[in-house]
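**Q**
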Amino acid sequence: MSEQPPLVLVSNRGPVTYQEDGSVKRGTGGLVTALTGLASHRDAIWIASAMTDQDVEVAREHDGKPFEVEAPEGGSFRIRFVESDAEAYDRFYNIIANPMLWFIQHYLWDLSNAPDIRRHEVEAFEQGYQAVNHDLAQAVIDEIDGQEEPVVMVHDYHFYTLPGMIREARPDVFLHHFVHIPWTQPDAWRVLPNGIREQIYNGLLANDIIGFHTKSYQRNFLQCCRDLMDLDVSFDEGIVHCGDREVWVRHYPLPIDYESTRRISRRPRVREFEERVLARRREFAILRVDRADLSKNVLRGFTAFDIFLEQHPEFAERITFTAQLMPSRTDVPEYAEYLEKIEALVAVVNHRHGTPDWMPIDLKLRDDLDEAVASYKHYDVMMVNAMFDGMNLVAKEGPLVNERHGVSILSENTGAHEELGEFAISVNPFDVQELADAIYSALVMSPEARERRARGLKEIVTSRDPGDWIDEQIADIRAKHAGSRATG
Ligand code: G6P
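Mind the numbering: the sequence shown is residues 0 to 487 in numbering that gives the first Met the number 0, read in order.
1) Which term fits E273, buried or exposed, when burial requires 16 or more other beta carbons within 10 angstroms of its beta carbon?
2) I think N219 touches V246, with their Cβ atoms under 8 Å apart; what is that distance to the nearest whole Å?
3) Could you pull out every residue in the same chain whose Cβ sits closer than 8 Å to the Cβ of A187, ignoring the five residues on either side in sequence?
4) To the nearest whole angstrom, what separates the beta carbons of T354 and E316, a pair I think is in contact under 8 Å?
5) Does the beta-carbon of T329 have 16 or more other beta-carbons within 10 angstroms, so that it is buried, or is it exposed?
6) With R118 as the anchor, note down where its alpha helix (DSSP H) starts and where it stops.
7) Using the Cβ count rule (16 or more neighbours within 10 Å means buried), how would you classify S1?
8) Alpha carbon to alpha carbon, how far is I201 from V7?
9) List the endpoints of the continuous alpha helix (DSSP H) containing Q126.
10) I need the DSSP call for R279, collapsed to helix, strand or coil.
11) Can you say whether R287 is buried or exposed, counting buried as having 16 or more other CB atoms within 10 angstroms of its CB?
12) For a test of your reading of the model: does the CB of S327 fall under 7 Å from any non-hydrogen atom of the ligand G6P? Yes or no.
13) Taking the DSSP output, what are the residues bridged to F320?
14) Helix, strand or coil for G28 per DSSP?
15) Distance, Cα to Cα, H240 vs G127?
16) Return the first residue and the last residue of the alpha helix (DSSP H) that I341 is part of.
17) Thinking just about the alpha-carbon of each residue, which of D305, L298, L399, I360 is nearest to the one in N384?
18) Are there any heavy atoms of the ligand G6P lying less than 7 Å away from the beta-carbon of D171, as far as the coordinates show?
19) Which of helix, strand or coil does DSSP assign to A43?
20) Using C-beta distances below 8 Å, list every residue in its chain close to V512, excluding the 5 sequence neighbours before and after it, in chain order.
21) Going by alpha carbons, who is nearest to L364 out of Y378, V345, R351?
22) Please report the straight-line C-alpha distance between V269 and V31, rounded to a whole angstrom.
23) DSSP three-state call for G487: helix, strand or coil?
24) How many Å lie between M325 and T461 at the Cα?
So, in structure tokens, the structure goes:
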């Protein structure tokens with residue numbers, strides 16, 4: 000293998016998306032945040048789905064081939080957009096990836112009210128999920144044509160069956176798959192029809208290495224391979240034995256690109272937002288920044304704030320809870336309903352506690368990174384109370400740029416908690432009284448304790464960057480590659 004293996008990245012959402020006016024917008028979500036950092040540290044080609052009509056137009060203009068794009072945050076990427084059949088893509092994204100896999104992997108599948116799995120879903124898997132996996136697999140196979148021992152890094156739950164397709168066409172390829180969301184325990188997977196489950200696990204096990212954010216997801220995956228697929232696994236070594244092949248299962252907690260986040264925090268547009276934030280500021284500010292996703296537990300966060308205001312009336316008119324939520328996956332009915340429930344609850348809490356010149360919750364439904372970063376700088380308390388979350392990068396970005404020794408309230412079920420828990424106020428995300436108490440403790444915490452925690456968080460967040468994250472994975476790729484050559 001050469002010193003710098005050519006990196007082929009595959010993910011559903013690419014680093015940018017095209018808008019109606021032709022302008023380029025940064026993709027949202029943790030995965031894009033991670034890979035943007037990665038692609039700016041390494042020479043990479045990024046293969047992604049054309050997700051909007053404008054992306055499709057751009058894909059066609061380039062004849063499905065790679066092209067360079069200037070990223071709005073600076074730097075440039077070589078990307079290749081893949082267009083899939085619109086109906087197939089809709090089934091892939093809106094029926095299988097979200098909600099089915101997303102829900103299973105966040106324990107959101109409501110067993111007491113479980114949706115039936117019928118022909119409709121099975122067909123959506125075959126004709127949607129598999130079709131889109133096939134389209135991107137073809138693009139990868141085309142891209143690595145002529146390369147010797149190529150390295151392909153596949154990302155996330157959208158592409159569990161793609162590795163099997165690539166392996167079949169190119170047995171020599173090195174496949175590394177990173178899963179950005181939790182891996183749930185075996186029983187959570189039992190809701191899937193056996194045939195689908197097997198295709199998913201067999202597809203994934205075509206990889207050489209599978210990476211997760213945390214040790215607990217790594218362990219859950221190994222348990223699933225043992226219990227659901229009847230495979231021999233070694234928990235200590237992190238290995239699944241598949242016949243004469245070994246699949247390494249590892250954990251690599253994802254850091255943020257702290258240099259880039261700091262640069263963003265100094266932008267003039269961020270400063271403009273800051274002026275507005277400061278002008279409207281009350282004595283205390285609570286902040287949350289999330290995609291409007293069920294897993295983020297937004298409703299319980301507002302319920303806890305409601306309880307807090309009721310139990311601590313001395314804070315009336317002195318505090319604002321700013322919630323910047325990016326509408327997400329709104330074609331999935333569960334997401335659209337969730338957004339309605341959020342708006343309804345905010346109205347109730349504001350009506351119950353608000354006064355003519357005080358609105359306790361300031362809900363902003365928009366996707367604006369500069370605005371979010373401006374708010375990061377001035378919170379006293381940041382709430383990250385996800386029910387389950389693969390990592391949660393907001394938990395890292397906020398403390399990095401915050402200027403007030405803000406306190407983090409952090410769900411113990413986020414991947415970030417494995418690293419940051421010691422310096423945050425840990426909460427059980429289902430216990431709203433505990434969350435209300437955490438808000439109070441954060442607000443009355445001594446300045447010394449706040450400073451100590453804020454410093455601890457910042458130190459951890461700046462101890463690694465995506466370059467280190469990728470190097471750790473490349474080191475394992477090399478080690479495994481060398482080992483399989485020696486034995487092979
Ligand atoms: C999470 C997932 C990503 C996904 C992102 C945004 O971070 O791990 O794979 O891209 O959410 O979701 P979306 O459906 O908007 O791409």
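Glycine included, each C-beta is placed from N, C-alpha and C at the ideal position.
**A** Quick look at the numbers:
1) buried
2) Contact doesn't hold; Cβ gap of about 15 Å is too wide.
3) I103, Q104, Y106, W108
4) 6 Å
5) exposed
6) 118-123
7) A caution first: S1 carries a pLDDT of 44, below 50, which makes its placement in the model unreliable, though a value can still be read off. So S1 counts as exposed.
8) Note on identity: in this sequence residue 201 is Asn, with Ile being the wrong assignment. So the two alpha carbons sit approximately 22 Å from each other.
9) From DSSP, Q126 is part of no alpha helix (DSSP H); its letter is neither H nor E.
10) helix
11) buried
12) yes
13) I285, I360
14) coil
15) 30 Å
16) 332-352
17) L298
18) no
19) strand
20) The question about residue 512 has no answer, for the chain in this structure spans 0 to 487.
21) V345
22) 20 Å
23) The predicted position of G487 is uncertain, since its pLDDT is 47 and thus under 50; a value taken from the coordinates is nonetheless stated next. G487: coil per DSSP, three-state reduction.
24) 26 Å
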